[in-house]
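What follows is a set of notes on a single structure, which appears directly below.
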Amino acid sequence: MFGKVKKILGIEGVKLELIVPDKVSREAGIVTGAVKLTSLSDNNLIESIQLKLVEKYSRGRGESKLINEYIMGTLLKKENITISKNDILEIPFELEFVYVKSEMDKMGESNFIARGLVGLAKKARGVHSEYKLIAEANIKGTTLHPFDSKPINLV
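Residue numbers for the sequence shown follow this note's numbering, so the first one is 42 and each next one is one higher.
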(Lines of atoms letter the chains of each structure in order from A and count residues from 1; the text may use other names and numbers.)
(Lines give C-alpha, C1' and ligand atoms only; values in the text may rest on other atoms or scores of the structure.)
Protein backbone atom coordinates (compact mmCIF):
# COMPACT_ATOMS: atom_id res chain seq x y z
CA MET A 1 0.00 0.00 0.00
CA PHE A 2 2.81 2.43 0.86
CA GLY A 3 4.32 1.74 -2.57
CA LYS A 4 1.08 2.77 -4.31
CA VAL A 5 0.93 6.03 -2.33
CA LYS A 6 4.55 6.79 -3.28
CA LYS A 7 3.76 6.12 -6.96
CA ILE A 8 0.67 8.39 -6.92
CA LEU A 9 2.65 11.21 -5.33
CA GLY A 10 5.62 10.65 -7.64
CA ILE A 11 8.02 9.88 -4.80
CA GLU A 12 10.96 7.76 -5.98
CA GLY A 13 9.54 8.05 -9.50
CA VAL A 14 10.81 10.04 -12.45
CA LYS A 15 13.24 12.91 -11.86
CA LEU A 16 13.63 15.70 -14.42
CA GLU A 17 16.61 17.96 -15.05
CA LEU A 18 17.04 20.72 -17.66
CA ILE A 19 20.29 20.94 -19.59
CA VAL A 20 20.53 24.37 -21.23
CA PRO A 21 23.31 26.81 -22.16
CA ASP A 22 24.13 29.70 -19.82
CA LYS A 23 23.58 32.36 -22.49
CA VAL A 24 20.96 32.55 -25.23
CA SER A 25 20.78 35.07 -28.08
CA ARG A 26 17.72 37.35 -28.05
CA GLU A 27 17.91 37.81 -31.82
CA ALA A 28 18.04 34.07 -32.54
CA GLY A 29 14.78 33.49 -30.66
CA ILE A 30 15.54 29.81 -29.95
CA VAL A 31 16.59 28.00 -26.78
CA THR A 32 18.15 24.60 -27.48
CA GLY A 33 18.88 22.01 -24.86
CA ALA A 34 17.76 18.69 -23.47
CA VAL A 35 15.51 17.31 -20.78
CA LYS A 36 17.26 14.61 -18.75
CA LEU A 37 14.95 12.01 -17.20
CA THR A 38 15.95 9.41 -14.63
CA SER A 39 13.84 6.94 -12.69
CA LEU A 40 14.09 5.15 -9.35
CA SER A 41 11.15 2.83 -10.07
CA ASP A 42 9.97 0.57 -12.91
CA ASN A 43 7.46 1.14 -15.70
CA ASN A 44 6.79 4.88 -15.64
CA LEU A 45 4.95 6.20 -18.70
CA ILE A 46 5.87 9.75 -19.72
CA GLU A 47 2.89 11.14 -21.63
CA SER A 48 4.18 14.65 -22.36
CA ILE A 49 6.79 17.25 -21.49
CA GLN A 50 5.88 20.94 -21.39
CA LEU A 51 8.51 23.65 -21.65
CA LYS A 52 8.00 27.41 -21.29
CA LEU A 53 10.24 30.46 -21.20
CA VAL A 54 9.01 33.10 -18.75
CA GLU A 55 10.03 36.74 -18.25
CA LYS A 56 9.66 38.11 -14.73
CA TYR A 57 9.38 41.89 -15.19
CA SER A 58 9.67 44.05 -12.07
CA ARG A 59 9.56 47.81 -11.65
CA GLY A 60 9.32 50.23 -8.76
CA ARG A 61 10.75 50.03 -5.29
CA GLY A 62 9.50 49.10 -1.82
CA GLU A 63 5.73 48.83 -1.38
CA SER A 64 5.04 50.28 -4.82
CA LYS A 65 7.00 47.49 -6.55
CA LEU A 66 5.06 45.72 -9.32
CA ILE A 67 5.93 42.31 -10.76
CA ASN A 68 4.46 40.68 -13.87
CA GLU A 69 5.28 37.40 -15.56
CA TYR A 70 5.03 36.99 -19.32
CA ILE A 71 5.27 33.73 -21.25
CA MET A 72 7.66 34.27 -24.16
CA GLY A 73 7.35 30.82 -25.71
CA THR A 74 5.98 27.34 -25.04
CA LEU A 75 6.61 23.86 -26.38
CA LEU A 76 4.59 20.72 -25.73
CA LYS A 77 6.35 17.47 -26.61
CA LYS A 78 3.80 14.66 -26.71
CA GLU A 79 5.83 11.59 -25.88
CA ASN A 80 4.81 8.09 -24.90
CA ILE A 81 8.05 6.86 -23.39
CA THR A 82 8.37 4.13 -20.83
CA ILE A 83 11.27 4.63 -18.45
CA SER A 84 12.42 1.91 -16.07
CA LYS A 85 14.55 1.80 -12.96
CA ASN A 86 18.05 3.31 -13.39
CA ASP A 87 17.33 4.41 -16.99
CA ILE A 88 18.66 7.78 -18.13
CA LEU A 89 16.99 9.48 -21.09
CA GLU A 90 17.93 12.79 -22.72
CA ILE A 91 15.27 14.33 -24.93
CA PRO A 92 16.53 17.24 -27.07
CA PHE A 93 14.35 20.29 -27.70
CA GLU A 94 14.27 23.60 -29.55
CA LEU A 95 11.99 26.18 -27.95
CA GLU A 96 11.17 29.21 -30.09
CA PHE A 97 10.40 32.44 -28.25
CA VAL A 98 9.55 36.05 -28.99
CA TYR A 99 11.57 38.78 -27.29
CA VAL A 100 9.47 41.94 -27.12
CA LYS A 101 11.30 45.24 -26.72
CA SER A 102 9.69 48.00 -24.68
CA GLU A 103 9.16 51.45 -26.17
CA MET A 104 12.00 52.70 -23.97
CA ASP A 105 14.36 50.03 -25.34
CA LYS A 106 13.41 50.90 -28.93
CA MET A 107 14.07 54.58 -28.21
CA GLY A 108 17.42 53.69 -26.63
CA GLU A 109 18.49 51.83 -29.77
CA SER A 110 17.74 54.83 -31.98
CA ASN A 111 20.84 56.83 -30.96
CA PHE A 112 23.76 56.98 -28.55
CA ILE A 113 22.46 59.80 -26.34
CA ALA A 114 19.02 58.25 -25.91
CA ARG A 115 20.63 54.94 -24.85
CA GLY A 116 22.24 56.59 -21.82
CA LEU A 117 19.05 58.42 -20.86
CA VAL A 118 16.94 55.28 -21.15
CA GLY A 119 19.42 53.32 -19.03
CA LEU A 120 19.34 56.04 -16.38
CA ALA A 121 15.51 56.18 -16.39
CA LYS A 122 15.24 52.39 -16.06
CA LYS A 123 17.68 52.39 -13.16
CA ALA A 124 15.81 55.22 -11.40
CA ARG A 125 12.49 53.36 -11.71
CA GLY A 126 13.95 50.01 -10.67
CA VAL A 127 13.12 48.25 -13.95
CA HIS A 128 14.53 44.72 -14.14
CA SER A 129 13.78 41.54 -16.10
CA GLU A 130 14.72 37.96 -15.23
CA TYR A 131 14.20 34.99 -17.53
CA LYS A 132 13.72 31.34 -16.64
CA LEU A 133 13.00 28.12 -18.48
CA ILE A 134 10.51 25.76 -16.83
CA ALA A 135 9.97 22.11 -17.74
CA GLU A 136 7.33 19.72 -16.41
CA ALA A 137 6.76 16.08 -17.33
CA ASN A 138 3.31 14.51 -17.22
CA ILE A 139 3.68 10.99 -15.79
CA LYS A 140 0.70 8.63 -16.05
CA GLY A 141 -0.72 7.69 -12.65
CA THR A 142 0.95 10.44 -10.62
CA THR A 143 -0.54 13.66 -9.23
CA LEU A 144 2.71 15.49 -8.46
CA HIS A 145 4.64 15.76 -11.72
CA PRO A 146 8.43 16.26 -11.82
CA PHE A 147 9.62 19.71 -12.89
CA ASP A 148 12.75 21.83 -13.11
CA SER A 149 13.49 25.52 -13.60
CA LYS A 150 16.71 27.14 -14.83
CA PRO A 151 17.58 30.83 -15.13
CA ILE A 152 18.38 31.97 -18.67
CA ASN A 153 20.68 34.87 -19.53
CA LEU A 154 19.44 36.57 -22.73
CA VAL A 155 22.24 38.43 -24.50
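Glycine included, C-beta positions come from ideal geometry on N, C-alpha and C.
Fair warning: this is a prediction, and the values are worked out from it, not measured in the lab.
Test item: CB-CB of residue i and residue j under 8 Å
i, j, result
"Val55", "Ile129", "no"
"Ile71", "Glu120", "no"
"Glu137", "Gly114", "yes"
"Glu88", "Asn179", "yes"
Whole-angstrom distance between residue j and residue i, CA atom to CA atom
i, j, result
"Thr79", "Ser190", "16 Å"
"Tyr172", "Lys126", "34 Å"
"Asn85", "Lys77", "15 Å"
"Leu81", "Lys181", "15 Å"
"Ile175", "Lys93", "5 Å"
"Ile122", "Val159", "49 Å"
"Asp83", "Gly157", "58 Å"
"Thr184", "Leu57", "15 Å"
"Val65", "Leu116", "17 Å"
"Val196", "Glu177", "25 Å"
DSSP three-state assignment for residue i, whether helix, strand or coil
i, result
"Asp128", "coil"
"Ala75", "strand"
"Gly182", "coil"
In DSSP terms, what residue i is bridged to
i, result
"Phe188", "Glu177"
"Ala165", "According to DSSP, which records beta bridges pairwise, Ala165 is partnered with nothing at all."
"Arg100", "Leu107"
"Asn85", "Ile124"
Closest by C-alpha distance to residue i, when choosing among the options
i, options, result
"Glu104", "Gly167, Ile180 and Ile193", "Gly167"
"Ala165", "Arg100, Val61, Leu107 and Asp146", "Arg100"
"Tyr140", "His186, Glu68, Leu107 and Phe188", "Glu68"
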